[in-house]
Structure formats: C-alpha cells, structure tokens
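Reading through the structure tokens given below for one structure.
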Amino acid sequence: MGTLHQVNLKKLTPGTKYRYRVYAREVLAHEGAYVQYGRTAASNVFNKQPLAFRTASRKDTLRFLVVNDIHGDNELLRNLIGRQDPLKMDFVVLNGDMVNQLLSEKQMFDDFMHTTIDLFGGSIPFYYSRGNHETRGPFAFSYPEFFPTSNGQLYYTFRYGDAFFIVLDSGEDKPDSDIEYSGLADMDNYRTEQAEWLKGVVRSKEFNESTYRIVISHMPPFGDWHGSLDLAKKFLPILNNAKIDIMLCGHLHRHVFRKADKECHFPILVNSNRNVVKATICKKEAALLVVDRQGKTIESITINPK
Numbered sequence: 000m001g002t003l004h005q006v007n008l009k010k011l012t013p014g015t016k017y018r019y020r021v022y023a024r025e026v027l028a029h030e031g032a033y034v035q036y037g038r039t040a041a042s043n044v045f046n047k048q049p050l051a052f053r054t055a056s057r058k059d060t061l062r063f064l065v066v067n068d069i070h071g072d073n074e075l076l077r078n079l080i081g082r083q084d085p086l087k088m089d090f091v092v093l094n095g096d097m098v099n100q101l102l103s104e105k106q107m108f109d110d111f112m113h114t115t116i117d118l119f120g121g122s123i124p125f126y127y128s129r130g131n132h133e134t135r136g137p138f139a140f141s142y143p144e145f146f147p148t149s150n151g152q153l154y155y156t157f158r159y160g161d162a163f164f165i166v167l168d169s170g171e172d173k174p175d176s177d178i179e180y181s182g183l184a185d186m187d188n189y190r191t192e193q194a195e196w197l198k199g200v201v202r203s204k205e206f207n208e209s210t211y212r213i214v215i216s217h218m219p220p221f222g223d224w225h226g227s228l229d230l231a232k233k234f235l236p237i238l239n240n241a242k243i244d245i246m247l248c249g250h251l252h253r254h255v256f257r258k259a260d261k262e263c264h265f266p267i268l269v270n271s272n273r274n275v276v277k278a279t280i281c282k283k284e285a286a287l288l289v290v291d292r293q294g295k296t297i298e299s300i301t302i303n304p305k
C-alpha cells in the first residue's frame, strides 16, 4: 500500500492500441490482516476519452521529441513540447536537468511532471536520461523508484522500430571530491561500472542487427570539466568502434552540433535548453530538426544509417 504504484504488463501485441482505466482504493485502517477500505477513485471515462497507449512496433517511420535542461520552467516546457503535437509522437526523451534539484515528490511534480502529464501523459511514454541536477537534493535517492527501467539501472537500452537506443547516466560534472557533493558522490567508479556494461551492449545481437544506433547522454563527452573528460575517456573508446549514428546531449544550455572527427567517430547534437529536437527516423534516413520556442527551425540534420 502507498501512493506510488507500478503495474507490469506482459504478452502485449506490438503496434496495438490498448485502452485502460486506473482505479485507486482508499485504505482507512490496516491492523494485522484486517484492512478497512474507503472510497474508490477512478480515471474519468465519462466526460473525456479513456486513457490509451499504443505498443511499439517495427513500423517504417519513428517520431520522437527531445527536451533537456528545463530546470522547472513549466511555461518553457509547455511551449517547446506543445508546439510539436506530442500525441502524434511515438515517445518523448527527457534528457536531464528537468529540475534544479530534487527536494520532494511534490516539488518534482510541480517542476515538470504535471506539465508532461497534461501534454502527453497516460498515452505517450517518455524515456529519462538522468542529468547532474537530478542527483542533487534529499529526494534524489527516490528518483529510481519513480522512473524504473528495463534492467533496474539508470543506464539502460531500448529498441523502437529499427532504432536501438543507449541511454547513459553521465553523472555529475565535477570531481567526486568537490565540496559541493558533501562526500556523497562516487561518479568516477559509477562511470567505470557503466563502461563495462556498455561493452556488452555493443556486442549484443539486438544492437548489431538494428538499422540505427543512437546514444542519449545528458552531458556530452567533450569539454574541460571533469565529468565530460571522464565520459570521453571511458565511453568513447567503446562507442567509436560501434557504428553509432548520433549522440544526443544537453547540459551546456546552448546549441552545438559537432560532426564526426578523429576523436569521436560519430556526430554529437547538444540541444539548447531553449530548443526541442524533433526526430523522424525512416529506413533510408533520419531527419532531426532543432526548433526554438517560437517554432523556428535552428538546424536541420540528416543522417544515413551506417
């Protein structure tokens, strides 16, 4: 019993729309084996459309949005996602720093969750790449409970259509010994552990049989801050030999697009905190549009699968 619930669904058919309704039953008292129940609440199906979602399928076209570094600015979040008709997307990526820090469940929901629920919640899934600001604050320890993954870690993979996604947890940006972390950080060892996991991912059959291979990481593997340097040192030697098509990042609060070079063998798109990435992936090519809050296209990127 509690206010946080997880329901695991199995044996669903790919590419199928499922309608559902949520019920919650009040518990007034619980003594031993005796439970006194109160009223039952349920999602509204009388004055609005029932909740529904569609399972993933290997269709010809995949569409998704990416936002990052919102830092609790709900007006900005609503503007960026709302302009792109999110209910027509397959999913949304929250690429870190949706908050300044995590203080409580209420603060987390007030900072961005209520807005995402209002825009596409209950119908369109989102995938979360933890940013450095989600590691801060007393409620940071509860973060994994609210955003479970397929492998129980904050770094994970998923496949959607012909695209394979690696979601990294880039950790903090400063050394573990920095006074700001009060002795709580062990990110260097965490990234080492993650790199070992990554070696297995790029050897997997599912990864190598996918048409597109996309990496999502809040922090980019370049720059002179400790976290980015550690990312480059531990992850790039693995990813450079894995035929990655593109890496999607945030963190810098500015738009940067770096083409593949001798240090990094794949392009990196760093999205600004004021823009949204609108991706359309087809069998022959992938198109990524970087769009600002006024709806203006900042950059258009085309990628052909390797």
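Under numbering that gives the first Met the number 0, the residue at position 305 of the sequence shown is numbered 304, and the numbers go up by one with no gaps. Cβ atoms here follow ideal geometry from the backbone N, Cα and C, with glycine treated the same way. Keep in mind the model is a prediction, meaning the values are calculated, not measured.
In chain order, which alpha helix (DSSP H) runs of at least 4 residues are fully inside the region 85-170? Listed in chain order, the complete alpha helix (DSSP H) runs (minimum 4 residues) inside the region 85-170 are 104-107, 113-119 and 142-145.
Shortest alpha-carbon distance to E25 belongs to which of K47, M0, L8 and K9? Taking E25 as reference, the option from K47, M0, L8 and K9 with the minimal CA-CA separation is M0.
Spatial neighbours of V201 in its chain, beta-carbon cut-off 7 angstroms, leaving aside the 5 residues before and after: I237 and A241, listed in sequence order.
Out of curiosity, what's the CA-to-CA distance linking D72 and L167? Rounded to the nearest angstrom, the gap between the Cα atoms of D72 and L167 is 24 angstroms.
Beta-carbon proximity of N272 to V289, cut-off 8 angstroms: Annotated as distal: N272 and V289, with beta-carbon spacing of 8 angstroms or more.
Going by Cα to Cα distance, which pick from D187, K105, W196 and M112 is closest to K173? Per the C-alpha coordinates, the member of D187, K105, W196 and M112 positioned closest to K173 is D187.
When the Cα atoms are used, what is the spatial distance from P266 to N78? Distance between the alpha carbons of P266 and N78 is about 27 angstroms.
Span separating the alpha-carbon of F90 from that of A278: Just so you know, the alpha carbons of F90 and A278 end up roughly 10 angstroms apart.
Rounding to the nearest angstrom, what Cα-Cα distance links F52 and I213 in this structure? If you draw a straight line from the Cα of F52 to the Cα of I213, it is about 24 angstroms long.
Extent of the continuous beta strand (DSSP E) run through Y36: First-last of the beta strand (DSSP E) with Y36: Y33 to A41.
From this set, L287, G294 and I302, which residue's C-alpha is nearest R62's C-alpha? Restricting attention to L287, G294 and I302, the CA atom closest to the CA of R62 is found in L287.
Are the beta-carbon atoms of H264 and N303 separated by less than 8 angstroms? For H264 and N303, no; Cβs fall outside 8 angstroms.
Of the choices E104, S209, A32 and T115, whose alpha-carbon is the least far from that of V65? Looking at the Cα atoms, T115 is the closest of the given residues.
For the beta strand (DSSP E) holding S299, just list the boundary residues, first then last. First-last of the beta strand (DSSP E) with S299: T296 to I302.
What residue does the beta strand (DSSP E) around D187 start on, and which one ends it? Not the beta strand (DSSP E): D187 falls in the alpha helix (DSSP H), residues M186 to R202.
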